[in-house]
Every structure is written in C-alpha cells, then in structure tokens.
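S.K.:
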Amino acid sequence: MAKITVDGLSYEVNPDNNLLQECLSQGLDLPYFCWHPCMGSVGACRQCAVKTYRDAEDKNGTLVMACMTPASDGAIVSIEDEQASAFRAGVIESLMTSHPHDCPVCEEGGECHLQDMTQMSGHNYRRYDKLKVTHRNQDLGPFLNHEMNRCITCYRCVRFYDDYAGGTDLAAQASHHHTYFGRFEDGTLESEFSGNLAEVCPTGVFTDKPFSEHYTRKWDLQVAPSVCTGCAVGCNTTPGERYGSLRRVVNRYNSEINGYFLCDRGRFGAHYVNTDNRLRSAKDAAGMTLSTEEAEEKLAAVCAQGAIGIGSPRASVEANFALRCLVGEDNYYSGESAQNHEALQWLLSCLEDEAFSCPTIKEMEGADAVLVLGEDVTNTAPRVALALRQSVRSEATRLAAKARIPSWQDAAVRELAQEAQSPLALFSTGATRLDDVASTTLNADPASLLAAAKAVDVRLAGGSPDYDALIPEASSGASKGETMQAVESVCAALIAAQEPLIVCGSHAGVELMRVAASIARTLSALKSAPCALALLPAEDNSVGHAMLVRPQNTLAAALTKLSDGAASAVIIIENDLTRRAPSAAVTAALQAAEQVVVVDHLNTATTRAATLALPSTSFNEYESSRVNYEGRAQLSFQVSQYPSGTKPVEHWLGVDGALHSASLIARCSAEAAGFASLPKILPDALTRVAGLKVPRQSHRYSGRTAMNANVAVNEGKQAVDENSVMAFSMEGALLQQDASVLASPWAPRWSSNQSITKFQAEVGGELKQEQKGVHLLTRSVQSAVVEPDSHVVSGATDPATKGELGVHFVQQIFGSDELSAHSPAIRERLCDAYVALSPPQAASLGATTGDRLVISGTTTELSLVVRTQTPDTVAMIYPGTSAAGESINALDLPHRITLTRAPDQEAGAASLGLAALIVGDAVFSHARAAEE
Amino acid sequence: MQHKLISSSSSRVLSAAELEEIDHELTLYPTKQSVGLEALKIVQRHQGWVSDESMHAIANYLELPLAELEGVATFFNLIYRRPVGKRVILFCDSVSCWIMGCEKNKARLAERLGIGYGETSADGEFTLIPVPCLGDCDKAPVMMVGDTMHRQVDPASIDALVEGPGNKAFTVDKVGGDE
Ligand code: SF4
Ligand code: SF4
Ligand code: FES
Ligand code: FES
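Residue numbers (our numbering), protein chains in the order written: chain V, 1 to 932; chain R, 1001 to 1179.
1) Quick one: does R:G1071 have its CB under 8 Å from some CB of chain V?
2) CB of V:S41 to nearest heavy atom of ligand 3: below 7 Å?
3) Would V:G244 be called buried (16 or more neighbouring beta carbons within 10 Å of its own) or exposed?
4) I'd like to confirm something about V:I152: is its beta-carbon nearer than 7 Å to some heavy atom of ligand 1, or not?
5) Quick one: is V:R928 near chain R, going by C-beta distance under 8 Å?
6) On the three-state DSSP scale, how would you describe V:G266?
7) Alpha carbon to alpha carbon, how far is R:K1041 from R:R1087? Give it in angstroms, no decimals.
8) What separation, rounded to the nearest whole angstrom, lies between the Cα atoms of V:D7 and V:S78?
9) Confirm the yes/no value for this check: CB of V:N258, any heavy atom of ligand 2, distance under 7 Å.
10) Confirm the yes/no value for this check: CB of R:G1135, any heavy atom of ligand 4, distance under 7 Å.
11) Does any heavy atom of ligand 2 sit closer than 7 Å to the C-beta of V:V233?
12) Which chain R residues sit within Cβ distance under 9 Å of V:S175?
13) Any heavy atom of ligand 4 closer than 7 Å to the beta-carbon of R:S1157?
14) Can you tell me which of V:C531, V:H651, V:T429, V:T292 puts its alpha carbon nearest to the alpha carbon of V:G645?
15) How about V:L494: is its C-beta nearer than 8 Å to some C-beta of chain R?
16) Measuring only from the beta carbon, is V:V200 closer than 7 Å to any heavy atom that is part of ligand 4?
17) Taking the C-alpha atoms as reference points, what is the distance between R:V1035 and R:I1022?
18) Within 8 Å, do at least three Cβ pairs link the region 80-91 of chain V to the region 185-204 of chain V?
19) Using the Cα positions of V:G204 and V:L170, report the straight-line distance between them to the nearest angstrom.
20) Going by DSSP in three states, R:G1036 sits in which element: helix, strand or coil?
21) If we count the other Cβ atoms within 10 Å of its Cβ and call it buried at 16 or more, is R:M1001 buried or exposed?
22) Confirm, please, whether the CB-CB distance from V:T69 to V:L19 is below 8 Å.
23) Given a threshold of 16 other Cβ atoms within 10 Å of its Cβ, counted over all protein chains shown, does R:M1100 qualify as buried or as exposed?
24) When you compare only the Cα positions, how much space is there between V:G795 and V:A447?
25) In its own chain, which residues sit with a C-beta less than 7 Å from the C-beta of V:A609, not counting the 5 before and 5 after it?
26) Keeping to the same chain, check which residues put their C-beta closer than 6 Å to that of R:Y1080; ignore five residues upstream and five downstream.
27) Identify each residue in the region 144-173 of chain V for which the Cβ-Cβ distance to at least one residue of chain R is less than 7 Å, and report them in chain order.
28) Relative to the C-alpha of V:L144, which residue among V:P210, V:H177, V:G109, V:L246 is closest?
29) Which chain R residues sit within Cβ distance under 7 Å of V:F356?
30) Note down, in chain order, each residue of its chain lying with its Cβ closer than 7 Å to the Cβ of R:K1139, except the 5 sequence neighbours on either side.
31) List the whole-angstrom C-beta distance separating V:T275 from V:R242, where the pair is believed to meet the contact cut-off of C-beta under 8 Å.
32) What is the rounded straight-line gap between the Cα of V:C938 and the Cα of V:A538?
33) Is any heavy atom of ligand 2 found at a distance shorter than 7 Å from the C-beta of V:L262?
34) Which of the three DSSP states is assigned to V:C504 in this structure?
35) For V:T522 versus V:D468, is the C-beta distance shorter than 8 Å?
36) Between V:V874, V:A890, V:R901, which has its C-alpha nearest V:T849's C-alpha?
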C-alpha cells in the first residue's frame, strides 16, 4: 500500500497500479478514453491529464497522463488544478472537432462515455465551425453498425479486436485527421468476439445492429441480472426488454468469469426468444390449441397414469428438479446423448477430486502453460478461447516484472516481450482458431491424438522410457517424429510451468477426458498441488442436470422403456430428443408411448411429436438457476413478464412450493445430493434498503403511464413480482455502490457501462457485495482412475478399409447451439452442413470446396470444405442445424463412412459462409486457390 | 444468408520481376510480415499504383492480414491506392513556396491540364498532389515531377513541362532514387 494525496486529501492506494486506475478506484472522477482495465495504458488520447508535484514546495507542478504514471508512495496529485482541467477541456475539444452533432439519433446516446467525458471535462460550446471529415462507413455484417464519423481515434477498438482478441480483419488505416478504423473492404467482421466493440468503443462508431433495428434508450429498458445460456461457461449478462420483446444483451461484469467481455453467440444469440419459432400456446396431438385449463387437465391425467420424465441440459435446475419430484428419482432420466452422459459422469467425479482444481476464466488467463486436448473451445465455450489467448501473454507479464516494467504499460510490455509467449499446445483433429498463438499444434485422427496424450502422461510420470511405443508408426495426420516432438515440448512446458492448465471437453469424448484428468493427476503429484483441469460440458446446465440424474438412468434406457412398453407415458422438458439419440430410437419410443408431454419454449421435432405440448418460459422470462462447467450455480433473474398462456416448467408441473423459486430451491437443497449450498445463490433479503425491492426499470424510465394505451387508456396497476427481490417497476431502492443485484450500472455523471468502476472495490477487481454464485461440489475424494479405451475412438488408421473415413464431428459457434441458432442475426451467420477433408482426399474424389458429396449408402449430402490441416483418414463433419432448415442427425451416421461426389452439382449452391472457412490456414489457402 | 466467402475483390498474379525484388527484401528482414511496406513500394514501381488485386497478391504472398497491409498502404501518402498519371506532380504549397508565389503555378497547371489536387489529366499523363515542403525552400517555389525536382518554378516552366522536356526555359535537376 502507498499513500498519495489528491487535491489535498490522502488516499491509500496500490502502488502497482497507475494513477488513473487508483483515482477511479477511490471513486474520484477523472476523464479518460484509451485506457481499459483489461488492456492497460498507452497514453494515446491525452484525456486523463493531471498535475503532479515534486513536494510541498512545488507550486507549479507538472502535467502528466495519469494512466501512464505509477501511483507511487508520496505522490502529490491534483485533478482539479486549473491548467490540468483546461488541458483536458482542450483535448476533448480537439477530439470533438469532427464529431457529428448527432446524439439524438445515435444509438450510443444516453450511455455514451464520450458524452459523459465531454460534460465532465467542461467542453460545453463548440468553437470549431469548419468542415468536418466525412468517412464512408462499411457494412460489417449482421452484428455491428459502423458510423466512423463519430470516432475520436482512441484506438480502443483495434487494441481490443487485434491485440486482445486476435482478430486480423480490423485495422487502423490512414493517418491524422483521416484515421479510419475498419476492414479492407465491406464484409462481416470475422472475430467471434466482435460484439464487444459495441461496449469497448467509447462512442457510437460500433453499435449493436440487431438492437438498433428495434431500438430503445438504455434508460427505457427493463433489465435484470442474467446468465448466458449459450454454453457451459455461464457468462453474466444483462438482457434488456421493452414492450414485451428482448432488445439486446450486454455484458454484466463478473470478476471471476466473463469480466468485461462476451462472445458473439452469447450477445446476439438470445434474440431467439422473440422469434416465431416459440411455442406460444398449449397444443394437443392434432396440433389444436388448448386453453391453459384444458392443458392442465390433460397433464393431470397423464401424471395420474404414471409417467417417466426426461430432463434436459438446457432446462434450469428448478425445472429439472420439479420434473424429478413429479415422476420420482427412479423415473427421472437423462436428456443427454450417450456420449455426453458418460462424459458428464466423469466430469462430476473430477469436480469432486482433490487432485484437481477447476479454474475460473480469470484463472485461465493467468495459466503459464496450457494443453488443450481435442476440444475446439472457440466453437464450444468461446469465452474460454479468449482467456487462453490471454494466457500466452503470461510470459510477457513475467518478463515485464523482471524488468520492473508495470504490467499496465501495454506498449512497453509488448515491446519488451516481442514474440515471447507462454506455451499453449493444441492437440486437435483439425485446425482451430487458436492456432495463431499456439506454441505446439498436433493435428491427427482422434485415435492418434489419444495415443499422443497418453504418451504425454507416461512421459510426465517419468515411468516407461519407451513411451514412444505408444505412438503409432503411421498416423494420418502428424508423422511419428512430429508427434514425438510435440509430446516432448508439451512435457517440457508443463514441467517448467508454475500454473499449468489442462483443458478438454465432452465434444472431445470421454476417453480423451480421462487422459486429460490422468495428465493433471500426474502433474499434481509432481508439483504437490492440485492441477488446474477444465473439463467443458456442452450446455449451460449440463452439470446441473447431470447432478440430478442417477448414472444408470440414461436416455437410451428411457427410450427402451417406452418402446418396450415398460412405460406408457413420458414428460420431456425443454429438449429436442432428435439431437440426443439416433432418429430410429427416438421415433420408436415416441410412437410406442401413449402419452408424450413436451414442455418447451421452442417448436422442435419433439414438440411436434407430442400428444400434449406445453409452452414454457425462456431464460429471460423466469427466475432460474444453472450450473456451469466449474460446478458453480448462478441465479438468473426474471427480466420481463412471460406472455399469458406460457408458464415456467416448474409451474406446469405443479410440484409443491414450485410457485416460489426460493421454496423450490430450498427443497432441492434438502433433497438432491450435491445441492446443499444452492440457497446461497439467492440474494440476501436483508441487503434491501428499508425492505424495498430492487427496481428493474431505471429512475428515468419513460412512458410508464402510456405504454399500454393501445390496450387500455386507464393506467393499469404495476405488475407485482411475488417471486423475487426485484420489482417490475421504477419504484424501489436502487442499490447504490452495491452490486449484489446489479443489472445495469449507472452512477451520477457516469451513464455508460464504464460506471462499473463505481461498483468495483478496486478497478478491474471484485465488485462490492459481488454475487458470484456458489460452487456446489466440494472436493474430497480421489476418483477412481479409469483407463481410456482407445478402441471406441474413431478415426484410427486401418489400412484394411482403404477409402473409408473416420467420422469426426466439428462444432460451429453459430449453429451448434440449438437455441441461439434461431436468433435472426445468428441465422445470417449459419452455414450449411459440410464435411471438411484434406486436400489429397478431396483430390481423390475429384472435388473442391463448395462441391456436394454424398455419404455412400445414404442420401445424405454435404458440402465440401477443403482444409489443409485435416488428417487424410478423417471426415470432419458439421451436421448443420435445424434452424437453417437442412440438418442431419449426427447420431444416425456410422463411425466410418465413404464419400462420393454427388452426380448433379448445382453451381454455387453451398452457403458455407465465414463460419466454415475462417479456420486456421483456410483463409490463405482459400485465397490462393482463388488465385490459381 | 449468403456471405461473401473471403472477399469480393480478387487477387492478381505478381510478375516474376516483382517477386524477384520482394524475395530479395525477404532475405533482409527477420519475418515475412516486415516486408509489407517494401513490397508495396516494389509493386508501385512496377504498376504505377497499388490496386486491390495487388493488395491481395502481396497479402497472400507475405501471409499478412489484408486490413493490416491496408493500414500500411494508407498510412503513407506516397503509396497510391488509386490509379495515377504517368508522372505524379508533388506540388509544394507550404510556406516558403507560397511566399514565392506557388499559387500562380497551381493556377497555370489547372489552366493547362485541367486538374486540381488529387486529379489526373485527361490524357493520363499527370496527377497533381500537394505536399507540405519538399525541403528545398531556398529554391522555392518547387515541385517534383516523377523522380525529377523542379526548382524556381514559374508559369513558363509549367508550360515547358506540359509541352515537353525539350524546352530550354526549364531547369531540370535529376535527383536519385525514387523516394
Ligand atoms: S472507433 Fe471507437 S474505439 Fe475505435 S478509435 Fe474510434 S472511438 Fe476509439
Ligand atoms: S462464452 Fe458461452 S456463456 Fe459466455 S457469452 Fe459465449 S456462449 Fe455465453
Ligand atoms: S486514458 Fe490516459 S492518455 Fe488516454
Ligand atoms: S516550403 Fe516548399 S520546399 Fe519547403
């Protein structure tokens, strides 16, 4: 701790930080633009000028940039000094010379950092009356608007997009008054994290396009703290609603998980809740609409007859638990695919194993050696990919510390580190979007990857000297020599590391997850400390669902029970079974069952097969909890009222006490193993000011008395929320500087999202009274070591079956997630089902990228993508999504297939989009192919 | 729902001469990506300007992101991203040249060639671009035409330039290099 004096008052500060950061941490108002807590300081905008003084005698002082000056002990600082203030007003005046006068039509207006800083700096009147620079804007695709005239050249966009997120298609162009931030030409921004530009840019240059198509000012949005349902990371979000539709999702700061950034699936995917594909009313077998009462009667009849239940990884803990209560634990079955179910059983045992620790996203950023086994995190848990990209900078941080350069000195640290990076090893079947920062990439068929991973384990354990015998002589990807080299370098890196991290996931398969755990166990023994092991499940509540299900109650068992007639009725919640099991098994079971009740908020193939379909609420329409990859339960508040006719699953199922989330949660914690600490996610009623609820609407919310005038002209009573500490109202007590129920930060003089600093105990650190959720599982046991079985892994090279290819499924950030694929903006980024083949394989079929291939013996057609890093014996298949019309049930395909070129080729029919193509070297190889 | 695969503009094939010069530069730098600016200069020397197709070709060859290469190309005023005339007139209109009457010369250029700043004459011969000081203030007003420095320019020398290099009223100093 250091003591500094700011304008005569003394403060205790952290000398490792810069003055700007520390002033903000103390709650002082000091304008800034280019500095960002995650990206450090570059001193580019000159907005944060303050005076510093040598000693008490020094009356003149020196103007310095606060963001570039350490908060060293004894510093005497003035923010209010006349010259400093005048300097800041002058800087903003010059930044604003070409800024248009368009706040009223600008989407940023009302939550604009530039507005806030302009006011704070006291630049009230424009003196510049000359011509302004006018830029041509670009079409950046379905996610973002581009309005370059609003730019103040702070460089935050490129520092985020390029330096932080690894994007390559956005750059600063031209110079001085013409500086331009854009792409080479119009076209969709390629980065999976592009949406963050809307929050990182302090002005209205980059704004949320789907939001502006149906725009509402920040203060007119009804908001509540929520959690993303896009994947198992569980990033914290704030959805905003107006007039009954979801308008946008923005980042909600969480110091351990997402920090300041979301991925584009999370930000733009939630709009599926507004689409026509919602199930809005109860339907019977013939598809006739039923009233709620009729539906309830029918449901009661089914329950009386006795039904089994099939849960879902995309339904909340409450919904799954309510189903379990209704049908009984014996009759409550997993809604996961066989592969995922097995993977989750293993994942749960690892979460209880004291040999490991499960890193938060923040901890992943600090890892100094990472091994990713098989999981393509950019497409399955995108926020993890962004964190791993930061982990390679741990070496830079280490070098900087050694050279006594503060870590926030961004340019200096990068200059010092040059190409030096912490090791990141990627063992994957094909190219990934992290290859550019990887120190080691090993591309081979799944069986060879498994062998290589085992070799890493054996080598680390220092046991058998002939670990190389594990590696097959002939692999269809990397040669034996390359594999040995990769194994060697991975081992060296992991041994040298202080904070090694092993990442794997259910898409990589349980066998690879077992080896991942085994490697982590070996490392924890070597280092006598738990090793960080991140096993990533597929969906937002995969873990919560798996915790409720008995291991033997698999989906296959449920389907068999139905088709055998051992059960005649089934209740399925929020699950499309055709995504979970082979079509034949699903069809047989649903046809055999007399009663099929499906409760879902979406129309799916399964709701269409229902004898009774009941409409449930989407994530933003009811309070619910989910358990992420760490076993962390988080509460997501209700944002808006649900439309009449729909009800939360737990209300349909009508279990005792289900009408109140808190009582259902209490019952779950008492009855379900592992959920004892679940009630801790509920906000503490005592923190509420004078017993008042927390308003979902801002104190500036407009139109309250008139917004329903199209329905009735009298002013209706405000809706009452019996369930929650929040109110559907602007009345109540906003928790000032208390972030326990914080949806949308705001502070006097700080209308933009940068006001979050007012709620952080220390800038960039924890929030005051932060609700971080609760880790449900405690570590105590040593889980049984299970030897992976390589025979079940596909893609092993088998010379006897020449021409046959091992099937390996690939994931797409836009498309592989069932819900977000229905969002209109995401739909524009979907691609067709495709198969990626190596260039020699493609050549042997006489086909090139875009051609249609047929799976022999079937009528299934796929578009071809030629990818250089694909092993020759593997067909990497993306099965498409039903949201795009054409899709195939991945589980219907055999493990090995042969492909032929489809006889009639429609020229240019394939819609492969960016999603399928921008993988690793594909960009350059494709561009070259175009050249030839 | 159809998205542009990679780009709407396409690449061209770099000539053997261009490649030879770029390959030489590659031997002088530690990484391929460092050669971006040199490659732009080489291509401009051969083509007169740097087209979108050339941008693609350089970016592919050096494995540089296009946007980054565009950042370099547009940062430097003397990399031309639009077609220019056979000879580019870099016309100094900074203070010394202004005092010494460069405005008259500019007016004469407009009269003779029908072009203002940023424009190319109809015959494709000349492009006029302003520069802030060519560092030859003692011989003001000056301008540079192609590789050639023209000093103490007056309307008569503009006429001479337009009519051809045979005219003796016209002082010509050859300067080395292309920079
Ligand atoms: S576009 Fe936005 S973030 Fe980028 S430099 Fe301009 S104002 Fe800053
Ligand atoms: S990483 Fe996952 S949880 Fe986070 S925003 Fe993206 S989809 Fe949502
Ligand atoms: S914030 Fe300090 S110079 Fe920009
Ligand atoms: S002002 Fe024209 S050469 Fe210097």
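Even glycine gets a Cβ: it sits at the ideal position worked out from N, Cα and C.
M.R.: On the basis of the supplied data:
1) Position 71 of the second sequence, counted from the first residue, corresponds to residue 1071 of chain R. Taking Cβ atoms only, chain V reaches closer than 8 Å to R:G1071, which makes this a yes.
2) Counting from 1 along the first sequence, the entry for residue 41 of chain V is found at position 41. V:S41: yes, Cβ under 7 Å from ligand 3.
3) Working through the first sequence from its first residue, we reach residue 244 of chain V at position 244. Taking every protein chain shown into account, the CB of V:G244 has fewer than 16 other CB atoms within 10 angstroms, so this residue is exposed.
4) Translated into positions along the first sequence, residue 152 of chain V becomes position 152. Distances taken from the Cβ of V:I152 to the heavy atoms of ligand 1 include one shorter than 7 Å.
5) The residue given as residue 928 of chain V occupies position 928 in the first sequence. At V:R928 the pLDDT is 36, less than 50, meaning the model places this residue with poor confidence and gives no usable figure here.
6) As a position in the first sequence, residue 266 of chain V is number 266, starting the count at 1. Secondary structure of V:G266 (DSSP, three-state): helix.
7) As a working note, residue 1087 of chain R is residue 87 in the second sequence. As a working note, residue 1041 of chain R is residue 41 in the second sequence. When the Cα atoms are used, R:R1087 and R:K1041 turn out to be separated by approximately 16 Å.
8) Position 7 of the first sequence, counted from the first residue, corresponds to residue 7 of chain V. Position 78 of the first sequence, counted from the first residue, corresponds to residue 78 of chain V. Rounded to whole angstroms, the separation of the alpha carbons of V:S78 and V:D7 is 5 Å.
9) The sequence position of residue 258 of chain V within the first sequence is 258, counting from 1. Yes - ligand 2 has a heavy atom lying nearer than 7 Å to the Cβ of V:N258.
10) Start at 1 with the first residue of the second sequence, and residue 1135 of chain R comes out as number 135. At least one heavy atom of ligand 4 is nearer than 7 Å to the Cβ of R:G1135, so yes.
11) Working through the first sequence from its first residue, we reach residue 233 of chain V at position 233. Checking the Cβ of V:V233 against ligand 2 gives yes.
12) Locating residue 175 of chain V in the first sequence gives position 175, where the first residue counts as 1. Near V:S175 (Cβ distances below 9 Å), the residues of chain R are T1074, F1075, F1076, N1077.
13) Your numbering for residue 1157 of chain R matches position 157 in the second sequence. Result no, Cβ not under 7 Å from ligand 4.
14) Your numbering for residue 645 of chain V matches position 645 in the first sequence. It is V:T292 whose Cα lies nearest to the Cα of V:G645.
15) Counted from its first residue, the first sequence places residue 494 of chain V at position 494. For V:L494, no CB of chain R lies under 8 Å from its own CB, so it is not counted at the interface with that chain.
16) Position 200 of the first sequence holds residue 200 of chain V. V:V200: no, Cβ never under 7 Å from ligand 4.
17) Working through the second sequence from its first residue, we reach residue 1035 of chain R at position 35. Working through the second sequence from its first residue, we reach residue 1022 of chain R at position 22. Between R:V1035 and R:I1022, the C-alpha separation is close to 8 Å.
18) The region 185-204 of chain V is not in contact with the region 80-91 of chain V.
19) As a position in the first sequence, residue 204 of chain V is number 204, starting the count at 1. As a position in the first sequence, residue 170 of chain V is number 170, starting the count at 1. If you draw a straight line from the Cα of V:G204 to the Cα of V:L170, it is about 17 Å long.
20) The sequence position of residue 1036 of chain R within the second sequence is 36, counting from 1. In this structure, R:G1036 counts as helix in the three-state DSSP scheme.
21) Numbered from 1 along the second sequence, position 1 holds the residue referred to as residue 1001 of chain R. Model confidence at R:M1001 stands at a pLDDT of 30, short of 50, so the residue's coordinates are unreliable; what they give is reported in the following sentence. Counting Cβ neighbours within 10 Å, R:M1001 comes out exposed, since fewer than 16 surround it.
22) As a working mapping, residue 19 of chain V is identified with position 19 in the first sequence. As a working mapping, residue 69 of chain V is identified with position 69 in the first sequence. Cβ distance < 8 Å, so V:L19 and V:T69 count as in contact.
23) Looking up residue 1100 of chain R in the second sequence gives position 100. R:M1100 is classed as buried because its beta carbon has at least 16 other beta carbons within 10 Å across all chains shown.
24) Position 795 of the first sequence, counting from 1, holds the residue named residue 795 of chain V. Position 447 of the first sequence, counting from 1, holds the residue named residue 447 of chain V. Because V:G795 carries a pLDDT of 47, less than 50, the predicted location of this residue cannot be relied on, and the following value inherits that uncertainty. Computed Cα separation, rounded: 6 Å.
25) Residue mapping note: residue 609 of chain V aligns to position 609 of the first sequence, counting from 1. Counting only Cβ-Cβ distances below 7 Å, and skipping sequence neighbours, we find L590, V596.
26) By one-based count along the second sequence, residue 1080 of chain R stands at place 80. Counting only Cβ-Cβ distances below 6 Å, and skipping sequence neighbours, we find W1049.
27) Here the close residues are T168, D169, L170, A171, A172, Q173.
28) The residue labelled residue 144 of chain V in the question sits at position 144 within the first sequence. Measuring from the Cα of V:L144, the nearest candidate turns out to be V:P210.
29) As a working mapping, residue 356 of chain V is identified with position 356 in the first sequence. Within chain R, no residue has its beta carbon less than 7 Å from that of V:F356; the closest one is some 38 Å off.
30) Locating residue 1139 of chain R in the second sequence gives position 139, where the first residue counts as 1. Cβ within range, chain order: R1151, Q1152.
31) Here residue 275 of chain V corresponds to residue number 275 of the first sequence, with the count starting at 1. Here residue 242 of chain V corresponds to residue number 242 of the first sequence, with the count starting at 1. About 17 Å; that fails the 8 Å criterion.
32) The structure shown has nothing for residue 938 of chain V, since chain V only spans 1 to 932.
33) For the purposes of this step, residue 262 of chain V is identified with residue 262 of the first sequence, where counting begins at 1. At least one heavy atom of ligand 2 is found less than 7 Å from the C-beta of V:L262.
34) Sequence index remark: in the first sequence, residue 504 of chain V carries index 504 (1-based). V:C504: strand per DSSP, three-state reduction.
35) Here residue 522 of chain V refers to the residue found at position 522 of the first sequence. Here residue 468 of chain V refers to the residue found at position 468 of the first sequence. Not a contact, by the Cβ cut-off of 8 Å.
36) On the first sequence, position 849 is the one that residue 849 of chain V refers to. Restricting attention to V:V874, V:A890, V:R901, the CA atom closest to the CA of V:T849 is found in V:R901.
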